[in-house]
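Shown next, in structure tokens, is the structure this report addresses.
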Amino acid sequence: MRCKVCSRDAVENDYCELHARAYQSIMKKYEVWKRALEISWKEYLSEIAKNPFTGEWAKEVAEHLLKGGEEESGA
Amino acid sequence: MVCANMEKYTLIITEKPDAAQRIASALDLKGKAKKMEDNGVPYYAAKRDKPIIVVPAIGHLYTVAEERSGRNYYPVFSFKWVPRYMAERGAKQIRVWLETISKLAENADTYIDACDYDIEGSIIGYCILKYACGGKDDIAKRMKYSTLTKGELEKAYAELLPKLDFALIEAGRTRHEIDWLYGVNLSRALTIAAKNWSGKYATLSTGRVQGPTLRFLVAREKSIRSFVPTPYWEIRAEIEIEGKIFEAEYEKDMIETKKEAEAIINACKGKNGVVESIDFKQFQQMPPTPFDIGALQSEAYSLFGYTPRRTLDIAQRLYLEALISYPRTSSQKLPPVINHEEILKNLSSVSEYKKLTAELLAKKELKPNEGKKEDPAHPAIYPTGNLPERVLEEPERRIWDLVVRRFMAVFGEPAIRQSVKVCINVNGQRFFLRGRQTLKEGWLRFYGPYVRAEEVLLPQIEREQKLKVKRVILEDKFTKPPPRYNPGSLLKKMEEVGIGTKATRADIIQTLYDRKYVRDERIVVTDLGFEVLEVLKNHCPTIVSIELTKRLEERMDKIQTNMEKRENVLLDAVEILKPVVEELKDKEKTIGEQLSNAIKRARLEERIVGQCPICGTGTLMILYSRKTGKRFIGCTNYFKKMCNTAFPLPQRGTVRPLGRNCRGCGWPTVQIRIKGRRPWNLCFNPECPLKEERRRRNEMQSVQ
Chain A
78 MRCKVCSRDA
88 VENDYCELHA
98 RAYQSIMKKY
108 EVWKRALEIS
118 WKEYLSEIAK
128 NPFTGEWAKE
138 VAEHLLKGGE
148 EESGA
Chain B
1122 MVCANMEKYT
1132 LIITEKPDAA
1142 QRIASALDLK
1152 GKAKKMEDNG
1162 VPYYAAKRDK
1172 PIIVVPAIGH
1182 LYTVAEERSG
1192 RNYYPVFSFK
1202 WVPRYMAERG
1212 AKQIRVWLET
1222 ISKLAENADT
1232 YIDACDYDIE
1242 GSIIGYCILK
1252 YACGGKDDIA
1262 KRMKYSTLTK
1272 GELEKAYAEL
1282 LPKLDFALIE
1292 AGRTRHEIDW
1302 LYGVNLSRAL
1312 TIAAKNWSGK
1322 YATLSTGRVQ
1332 GPTLRFLVAR
1342 EKSIRSFVPT
1352 PYWEIRAEIE
1362 IEGKIFEAEY
1372 EKDMIETKKE
1382 AEAIINACKG
1392 KNGVVESIDF
1402 KQFQQMPPTP
1412 FDIGALQSEA
1422 YSLFGYTPRR
1432 TLDIAQRLYL
1442 EALISYPRTS
1452 SQKLPPVINH
1462 EEILKNLSSV
1472 SEYKKLTAEL
1482 LAKKELKPNE
1492 GKKEDPAHPA
1502 IYPTGNLPER
1512 VLEEPERRIW
1522 DLVVRRFMAV
1532 FGEPAIRQSV
1542 KVCINVNGQR
1552 FFLRGRQTLK
1562 EGWLRFYGPY
1572 VRAEEVLLPQ
1582 IEREQKLKVK
1592 RVILEDKFTK
1602 PPPRYNPGSL
1612 LKKMEEVGIG
1622 TKATRADIIQ
1632 TLYDRKYVRD
1642 ERIVVTDLGF
1652 EVLEVLKNHC
1662 PTIVSIELTK
1672 RLEERMDKIQ
1682 TNMEKRENVL
1692 LDAVEILKPV
1702 VEELKDKEKT
1712 IGEQLSNAIK
1722 RARLEERIVG
1732 QCPICGTGTL
1742 MILYSRKTGK
1752 RFIGCTNYFK
1762 KMCNTAFPLP
1772 QRGTVRPLGR
1782 NCRGCGWPTV
1792 QIRIKGRRPW
1802 NLCFNPECPL
1812 KEERRRRNEM
1822 QSVQ
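Protein sequences appear in the order of chains A and B.
Heads up: take any position in the first sequence, counting from 1, add 77, and you land on the working numbering.
Heads up: take any position in the second sequence, counting from 1, add 1121, and you land on the working numbering.
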């Protein structure tokens, strides 16, 4: 099984080790963003995808999630 | 060449030619040693109680090598010490050098090792005496000094140590042998795996210290690349006092929700403030500790942007010119024996230091603020008091000045600083106005331009005073990812965790760049760096374990004090290495595939110049013509028949994309390096306004 973002082997949630770590960061931070800005999951993903401080892998995962239209649970 | 029938002489061996010349001149009664040469190898003849010949090495003349020849196999566990020309390509001159030393040794009756008094110096001297001088290591004496000043060299010659420091030599040999065993086996395992898979050769390396160092960098890179920022808000108020505007910060540094931030802003709108309290705090700022090499390298990096390697090279040059003491030291001590007063007196003839040294010399007692770190062989870095005999180049002058000012600063009084915190209440919301001021300069005066102390002076303010709030500013903020390491902070980190030595850390960082595992000054790990570490972590986690590296370092250090035996440390190191190498060999195919793909990606990455400014969607790359083999820059959209953009490139030298755009036209740029010429940056836009400007300037000049 390949990672949904790159060509590495997937290890968790269909992501490789590196993108899985970024995915976890994204999931973990959503609650903080929701409370701070009262925004939806999609708005959150768009915000972090264009934020200059977001790491490269986190951006790739956010863009992937936006394209795939995945729900908050990541399902 | 010295004649065979000449009177017997004392043969002194030094580490470098500059040191040989200094030592010979210092020991010659007339101060004029005679420079001689044999096959291009310089040596010096001096006359003192008896004739003296001082012959230099050029660093290490011997090295560890495998007993069997060939580079394409591993594991390798049998080794021997050989002249460098037998083990390294491009070390041919070492043969002549050793022949000259051997010839000079024949007519000597006393042998002195005057190489730098540290692990490396001791091994250099020991190997020469043992192998090139026919086993004279047993009878040789040792000269121990920390500066190349005449006084200290004469003293060191008069008080020779009766024998070589064999414990130091044993420790050094063990370090070289273990590092060689780890380096050669692991590096070959990686290189051979990649070559056998792809059929293409690329040098890959790792080592006992290199692996764990790369591990720090990868861990930081992972945190940065998977970082998701957190939003927060900052509020500041502009307060008008006596016609001047001061900025006060809101009592909470970070406001976590936009709602809360807006509520604060609304509460402050149109309101003025009242001073609720004023707190003064005085604090002492102790003088800095003297420079050890790591501290000098960090300071030079943060002040001048010099890499640790560059600082070490400059410091080494200053040492060889007897301007500063031996730089490869981990000591933060300045013992009285170096004669602090004498050094300050000598420095007082430099106009910039005159007043400062006079101030220190007027003190009853000169007591340096020493740090905890010690070095058994050398004190901290200090200026010798000698003044430059030539005009120093700017980087040399800067480092010398830094060492001098630091030396003076450590004798200074503590600085006394005061901070003021004014609490202003704006309709129930508190803001703090902060000031900072130096009350007593103390050591700050001596450190002068290198002090980083901010002064914020506030006007006279009283409690209950009403203050006008000009405006309240709300700023959207985000938390930032952890900072990238730079060569200076990485060196500090290696020092903190105790891996590598003061002599090797800078080189290890450089190797990471040379192997293309990392790039840029604010260090970015490349794909290749990631893959190499992943291979090591998956197949030999012990090798990149910081704990293991640190434990080995400690045991090797113990050999220096006879608390550990060389054989035991060496055997244990081999026991750890053996199963690792076996595992690498078993998994050669998988590892080879992983590394080959990473090398391929890295090579491709190296050729990417930037976005195509013509079509806007393609990528400009360095490409090679199939017909002529010539290189040029072309757009990747050419292959989709969408863009024909192409630019010629110089065919000689190397081309490296700079990763930044031209300031004149915004196009991507490359750097061209041709041997023997200064590298230059090239904007390949033929219509770049900077080119036009330069053309006009040249025309004007030729008209004039």
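The C-beta atom is built at its ideal place from N, Cα and C for all residues, glycine as well.
For clarity, every value in this text was computed on a predicted model and none was experimentally measured.
Classification of A:Trp134 by the beta-carbon crowding that lies within 10 angstroms, buried from 16 upward: buried
Burial state of B:Arg1511, where buried means 16 or more other Cβ atoms lie within 10 Å: Exposed is the call here.
First and last residue of the uninterrupted alpha helix (DSSP H) at B:Tyr1440: 1429-1441
Test: B:Arg1346 CB closer than 7 Å to a CB of chain A: yes
Among B:Lys1706, B:Tyr1474, B:Val1695, nearest to B:Leu1657 - alpha-carbon criterion: Of the listed residues, the one whose Cα sits closest to B:Leu1657 is B:Lys1706.
Contact set between B:Glu1377 and chain A, taken where Cβ atoms lie within less than 9 Å: By Cβ distance, chain A contributes Val109, Arg112, Ala113.
8 Å Cβ shell around B:Arg1584 - same chain, five flanking residues per side excluded: Val1396, Glu1397, Ser1398, Ile1399
B:Gly1713: first and last residue of the uninterrupted alpha helix (DSSP H) it sits in: In the DSSP assignment, B:Gly1713 falls within the unbroken alpha helix (DSSP H) covering 1709-1728.
Cβ neighbours of B:Ala1141 in the same chain (closer than 6 Å, five flanking residues each side left out): If you ignore the 5 residues before and after B:Ala1141, its C-beta comes within less than 6 Å of the C-beta of Thr1135, Tyr1165, Val1175, Pro1177, all in its own chain and listed in chain order.
Span of the beta strand (DSSP E), counted from its first residue to its last, around B:Pro1138: Careful: B:Pro1138 lies outside any beta strand (DSSP E), inside the alpha helix (DSSP H) at 1138-1148.
Best match in B:Gly1797, B:Arg1687, B:Glu1383 for proximity to B:Glu1291 [C-alpha to C-alpha]: When only C-alpha atoms are compared, the closest one is B:Arg1687.
Identity of the residue in B:Ser1446, B:Val1547, B:Ile1244, B:Gln1539 nearest B:Asn1387 by Cα: The option with the nearest alpha carbon to B:Asn1387 is B:Val1547.
Residues of its chain near B:Lys1589, where Cβ-Cβ distance is below 6 Å and the 5 sequence neighbours each way are ignored: Glu1361, Asn1393
Residues of the segment 115-142 of chain A with Cβ closer than 7 Å to any Cβ of chain B, in chain order: Ile125, Asn128, Phe130, Thr131, Gly132, Glu133, Trp134, Ala135
Residue-level contact to chain B via CB, A:Arg85, 7 Å cutoff: The beta carbon of A:Arg85 does not come within 7 Å of any beta carbon belonging to chain B, so the residue lies off that interface.
Interface flag, A:Ala97 vs chain B, CB-CB below 7 Å: no
Partners in chain A for B:Phe1599, counting only beta-carbon separations shorter than 8 Å: Asn128, Phe130
Which of helix, strand or coil DSSP assigns to B:Gly1246: In this structure, B:Gly1246 counts as helix in the three-state DSSP scheme.
Chain-ordered neighbours of A:Lys144 on chain B, where CB pairs are closer than 8 Å: For A:Lys144, no chain B residue has a C-beta closer than 8 Å to its own C-beta; the minimum C-beta separation is roughly 18 Å.
C-beta atoms of B:Val1185 and B:Phe1200 nearer than 7 Å: yes
Distance, B:Thr1711 Cα to B:Asp1693 Cα: 28 Å
Member of B:Lys1168, B:Thr1478, B:Pro1603 whose CA lies at the smallest distance from the CA of B:Glu1462: B:Thr1478
Pick from B:Pro1204, B:Asp1635, B:Ile1582 that is closest to B:Ile1249, judged by C-alpha positions: B:Pro1204
Endpoints, the beta strand (DSSP E) within which B:Asn1317 is located: Not the beta strand (DSSP E): B:Asn1317 falls in the alpha helix (DSSP H), residues 1287-1319.
Where the segment 1601-1612 of chain B meets chain A: residues whose CB sits under 8 Å from a CB there: Taking 8 Å as the Cβ-Cβ cut-off against chain A, the residues of the segment 1601-1612 of chain B that qualify are Lys1601, Pro1602.
B:Glu1397, DSSP secondary structure in three states: strand
Own chain, CB closer than 6 Å to B:Arg1626, minus 5 neighbours either side, in chain order: Answer for B:Arg1626: Leu1612, Met1615, listed in chain order.
Neighbourhood of B:Thr1334 by C-beta, 8 Å cutoff - its chain only, sequence neighbours within 5 removed: Leu1611, Met1615, Ile1620, Gly1621, Ile1629, Ile1630, Leu1633
Contact the segment 1595-1604 of chain B vs the segment 1402-1409 of chain B: 3+ CB pairs below 8 Å: no
Distance, B:Arg1799 Cα to B:Arg1817 Cα: The straight-line gap from Cα to Cα measures roughly 23 Å.
Among B:Gly1256, B:Met1207, B:Phe1287, B:Gly1242, the one whose alpha carbon lies nearest that of B:Glu1227: Among B:Gly1256, B:Met1207, B:Phe1287, B:Gly1242, the Cα nearest to that of B:Glu1227 belongs to B:Gly1256.
Per DSSP, the bridge partner or partners of B:Val1653: Answer is none; B:Val1653 lacks a bridge partner.
Contact residues within the segment 1179-1204 of chain B, judged by C-beta distance below 8 Å to chain A: none
Under 7 Å from the C-beta of B:Val1349: neighbouring residues of chain A: Ser102, Ile103, Lys106, Ile125, Thr131, Ala135
B:Ala1315 beta carbon less than 7 Å from that of B:Glu1709: no
Beta-carbon proximity of B:Arg1752 to B:Leu1770, cut-off 7 Å: yes
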